[in-house]
Structure formats: structure tokens, C-alpha cells
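**Student:**
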Amino acid sequence: MKKVFNLSPSKILMVCGLGLATTLGGFWHHQINQKHLSTIHVMNQGLNTCFGRVNQSFTAMMIKDVKSPYLDQGFAQLSNACLEELKGTFKSLGNKLPKAEEALNKLNAEATWFHEKLGKIHSPMLLGEGKDTNLSPLQERYAQMETLKVTLADELDAGMHRLSEIQFSDEVVMGGGLILFMLGLGLMIGQEMRRMKQRTQAEAMAVNMIKNNQADVGAMVDSLIMKALLDQGQVVTAQIFKDYHETVLEGMTQKLVSSTEEILENTPKEIESTEAKEIRSSLREVLSSLKVLNLDFEASEVSETDLKIEQEDCTQIMSVAINKLLERRVGKENVQIHANVQTDRCMIELSLFNAAFNSSELEGMSDISKLNDPYLMVLHEMTKGQDIAWKCENAIDEATGKMVMCISLNLPIGGKAKNLVSVVKGKKRDIARGFMN
Numbered sequence: 004m005k006k007v008f009n010l011s012p013s014k015i016l017m018v019c020g021l022g023l024a025t026t027l028g029g030f031w032h033h034q035i036n037q038k039h040l041s042t043i044h045v046m047n048q049g050l051n052t053c054f055g056r057v058n059q060s061f062t063a064m065m066i067k068d069v070k071s072p073y074l075d076q077g078f079a080q081l082s083n084a085c086l087e088e089l090k091g092t093f094k095s096l097g098n099k100l101p102k103a104e105e106a107l108n109k110l111n112a113e114a115t116w117f118h119e120k121l122g123k124i125h126s127p128m129l130l131g132e133g134k135d136t137n138l139s140p141l142q143e144r145y146a147q148m149e150t151l152k153v154t155l156a157d158e159l160d161a162g163m164h165r166l167s168e169i170q171f172s173d174e175v176v177m178g179g180g181l182i183l184f185m186l187g188l189g190l191m192i193g194q195e196m197r198r199m200k201q202r203t204q205a206e207a208m209a210v211n212m213i214k215n216n217q218a219d220v221g222a223m224v225d226s227l228i229m230k231a232l233l234d235q236g237q238v239v240t241a242q243i244f245k246d247y248h249e250t251v252l253e254g255m256t257q258k259l260v261s262s263t264e265e266i267l268e269n270t271p272k273e274i275e276s277t278e279a280k281e282i283r284s285s286l287r288e289v290l291s292s293l294k295v296l297n298l299d300f301e302a303s304e305v306s307e308t309d310l311k312i313e314q315e316d317c318t319q320i321m322s323v324a325i326n327k328l329l330e331r332r333v334g335k336e337n338v339q340i341h342a343n344v345q346t347d348r349c350m351i352e353l354s355l356f357n358a359a360f361n362s363s364e365l366e367g368m369s370d371i372s373k374l375n376d377p378y379l380m381v382l383h384e385m386t387k388g389q390d391i392a393w394k395c396e397n398a399i400d401e402a403t404g405k406m407v408m409c410i411s412l413n414l415p416i417g418g419k420a421k422n423l424v425s426v427v428k429g430k431k432r433d434i435a436r437g438f439m440n
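Numbers 4 to 440, taken from my numbering, label the letters of the sequence shown in order.
(1) Please check the pair E364 and C409, which I expect to be a contact at CB under 8 angstroms, by giving their CB distance rounded to whole angstroms.
(2) Is the beta carbon of L414 less than 9 angstroms from the beta carbon of I312?
(3) Go ahead and label I15 buried or exposed: buried means 16 or more other beta carbons lie within 10 angstroms of its beta carbon, across all protein chains shown.
(4) Counting C-beta neighbours from all protein chains within 10 Å, is the total for A324 16 or more, i.e. buried, or is it exposed?
(5) How big is the Cα-Cα spacing for D370 and H383?
(6) Please classify V153 as buried or exposed, where buried requires at least 16 other C-beta atoms within 10 Å of its C-beta.
(7) Going by C-alpha to C-alpha distance, which of V45, A103, K99 and G122 sits closest to G77?
(8) The beta strand (DSSP E) with S126 in it runs from where to where?
(9) Relative to the C-alpha of L298, which residue among N51, D160, L353 and A156 is closest?
(10) What span of residues does the beta strand (DSSP E) with R348 cover, start to end?
(11) According to DSSP, is A402 helix, strand or coil?
(12) Under a Cβ-count criterion, where at least 16 other Cβ atoms within 10 Å of its own Cβ denotes burial, should K373 be classed as buried or exposed?
(13) Taking only three categories from DSSP, how would you classify I274?
(14) Let's test the definition: count the other Cβ atoms within 10 Å of the Cβ of A146 and tell me whether it reaches 16, buried, or not, exposed.
(15) Between which residues of its own chain and S411 is the CB-CB distance below 6 angstroms, once the five residues before and five after are set aside?
(16) Kindly list the residues whose CB is nearer than 8 angstroms to the CB of P140, restricted to its own chain and excluding five residues on each side of it in sequence; keep chain order.
(17) For the beta strand (DSSP E) containing V57, name the first residue and the last one.
(18) Along the chain, where does the alpha helix (DSSP H) containing F78 start, and where does it finish?
(19) Check for me: the alpha helix (DSSP H) holding Q314 runs from which residue to which?
(20) Can you give the beta carbon distance from F117 to M148, rounded, assuming they're within the 8 angstroms contact cut?
(21) Taking C-alpha atoms, which residue in K387, S362 and F356 lies nearest to A402?
(22) Do you know whose CA, among N343, G334, A114 and I399, lies nearest G55's CA?
(23) Under the three-state reduction of DSSP, which class applies to K335: helix, strand or coil?
(24) Per the DSSP calculation, S284 is bridged to which residue(s)?
(25) Excluding five sequence neighbours on each side, which residues of the same chain lie with their C-beta closer than 6 angstroms to the C-beta of S292?
(26) Quick one: what does DSSP say E301 is sitting in, helix, strand or coil?
(27) Name the residue from I391, A342, V407 and N375 whose alpha carbon lies nearest to the alpha carbon of L329.
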């Protein structure tokens, strides 16, 4: 299903176009068959009318009602004209009902012969002669005409049945095309809603960065802009921005490195005599800083612990993790923070009840290239290159049986000497990000 929603707009438009074309084609064919059905209906009515006139003439002759208007020559001519008109109406159906066309042609020929024979017998009768004329040939012709009429009616009924079946197939085709069109339209709407959601997430992340005074953190801003560009499908633009940003950082790094080297050259003795400083931050102070940011969380009592990480970095990392959890908050649930201090590591677990990561977020943990959530992308960028491990998962709380959404951080305890020379000798990109942060 995820692959279906990731179809390109051109393919979705093709699906919509195919569905619309199928629906219109089915409707056009359905209307043509409807016209044929109307023609067959007219044929059935006309056949009964025309043959009824022939039957009236035959009956009048059988009872020898010499003065009957049904035996007049004018009445016979109108009967023949009726059958001819019926033949003209049938022209549009000739290719579809060949047997019916053959029966109608024979019926017209028999009717013409019948009326001619009827006129020859009727004329002497008007003069009082030929009342004992043998009518058997006339009866035989009428029987043949009646057989042809029944055959023609049966063929028309069979053709009507076949056309009704074709119409049902047309309706199925129209329904399938309409479903295909609506599916394509739904995919377009779904993709647009997805893009709107992604834009909203990026904007919410930007607002949180401003509120938390994190807008000057280069790594977070870099990831946010990359995420926004990729969400809009501007892959090439995102790559150009990345290359440009790295070029700018490298230029800034060269200036910073040159300035630092000048200072080192001018004061070598001072640097060598300076005692190495350790990177240490208090976990309690980090939690206090998070409270100042007005984040909703509850932390269990922790012992005084020195973390081997900059306090500002630790505050930013935990702030991003808390914001990610609060994004899924239902009701008034607060984020719970528990710290477990070991020999040289500090395990910090941030959890939120009645919430869960979705499948795409969990899939991104196993394959970073599939990571598309802005909060998790920022966590990945901020912890990259540091002695920090993290993971996100869903769990079931044993005490309450509730679903829990967890982010775990594995942080180092203590610190090592941090010499200023090591900053200069680091990678330019890392140096630039360090100065910008």
C-alpha cells in the first residue's frame, strides 16, 4: 500500500485518464446498443401492425366478404407499404441480425405475391363470378407468411436478449472505469494531504526550534531544510543546497582555522601550560534546563551524575526527543523520564503512555535512508559522530498493560581531556558545525 501512495503524479494521472476513457467508452457503446434496442422494439410493434393488416385481408377472403374494405386494392397497397417501411427501419440492424433480415425480405416478397393473388381472386367476385374459386394456394401462402413472421419475431427477441447482455457488460466496464478514475483521484488527494501534513510537520518543527532557541543550531536547520525540500520532491535542489551549505561551512572553517593557528603561533607556551579541560555536564542541570523550556514531562529522582557531553547538546537532544513524544500525546499524558546510571554509561528512557511509533518510523531505525520524520532525523544528525546511542521502540507496560512509546538514550559518563589543538586538526565540516552550534 505504501508503494501505491508513492506513485509519481504522471502515473496517477495516467490511471485517472485510463479510468475516464474506459467510462466514456463504455457509456458510448451502451448508448449505441440502447438505440438498437429501441429499433428492435419499434420493429416488434410494426411487425404486429403490418401482419395484422395481412391477417384482416386473409380473414375477409376466407369468409368471402366481397364488400369488405380489407379486400380493397388501396388497403393492400398500404399493407405492402407498411412492410416496406418496416424494412427501412431494420437497415441499421442488418449486420447484427442477418437471419432476421433474411426473414423480413422473404416476408415482404410473400406479402407482395399474396396481395396480387388476392386482387385477382377478388375482382371476379365483385362481378358475381368465381365464388367457387379454390383458395388453397392463398392459404398456403398465408401459412408461409405466418411462419416467416414467427421466425422474424423470434430473431428480434433473441437479438434484444443479446443486446441486453452486451449492455450489462457495458455497465460493468463503466463501473470499473469509474472505480479506476476514483482510485486515481483518491491517490492524488491522498498525496496532496500527505504533502500538506509533511509541510505542517516541518512548520511545527521550525516553530518549536524558535520557541526553544534552537534556530541557530546548524545541524538542525540543515536537516529541517533538507527535509522540507525532499518532501516536495525536489531531490536535485536538496542536493544542490547540501553541496552549497557544505561549501559555505568549509569556507567558514578555513577562516576559523587560520585565526586559531595564528593564536597558537603567537602564544604556544600559554597553550602548552594550560591544563586540559574536561567536558562535563550535570544531568540534574539538564533536566532543569528542560523545565525552563516549558516542556511537559515528569522525571524520576536521579543521583548527581556528570555526563561526558556538552550540557547544551544534551539539552537539545532531549528536547527534540520530548517534542517527538508530545507530538503523539493523547489527553493529558506527560512524558516520563527515567535514568539508570551504570559504571561508565547513563541510560535515559523517555516514554509516553497510550502512544506509538508508526511502521515507517520504526523502519527508519533499521535503515536510516528511509528515515523521514523531522524529529528523528534531527536526533540522528545531532548524535552522529558523538559517543551517543539512541533508539525508538513501542512496548507494553507490564504493570498497566498499556502501549508505551519509548526513546532510549545511551550517554557516556565522565570526561576526557579536551585539547584546543584537537579542534583545529578535526574535519572541516565537523569544526564548522561545532562553531555554529
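The beta-carbon is built from N, C-alpha and C at its ideal position, and this holds for glycine as well. Model, not experiment: these values are computed from the prediction.
**Tutor:** Taking the definition as stated:
(1) Actually they are not in contact, since the Cβ atoms of E364 and C409 sit about 12 angstroms apart, beyond 8 angstroms.
(2) yes
(3) buried
(4) buried
(5) 12 angstroms
(6) exposed
(7) G122
(8) Not the beta strand (DSSP E): S126 falls in the alpha helix (DSSP H), residues P101 to L129.
(9) L353
(10) R348 to F356
(11) coil
(12) exposed
(13) Low confidence applies here, because I274 scores a pLDDT of 42, under 50, leaving its location unreliable; read the following figure in that light. DSSP places I274 in helix when its eight states are reduced to three.
(14) exposed
(15) E352 and K394
(16) K120
(17) Counting along the chain, V57 falls outside any beta strand (DSSP E), though it belongs to the alpha helix (DSSP H) covering P12 to M65.
(18) Q76 to T92
(19) Q314 to E330
(20) 6 angstroms
(21) F356
(22) A114
(23) coil
(24) L310
(25) T318
(26) strand
(27) V407
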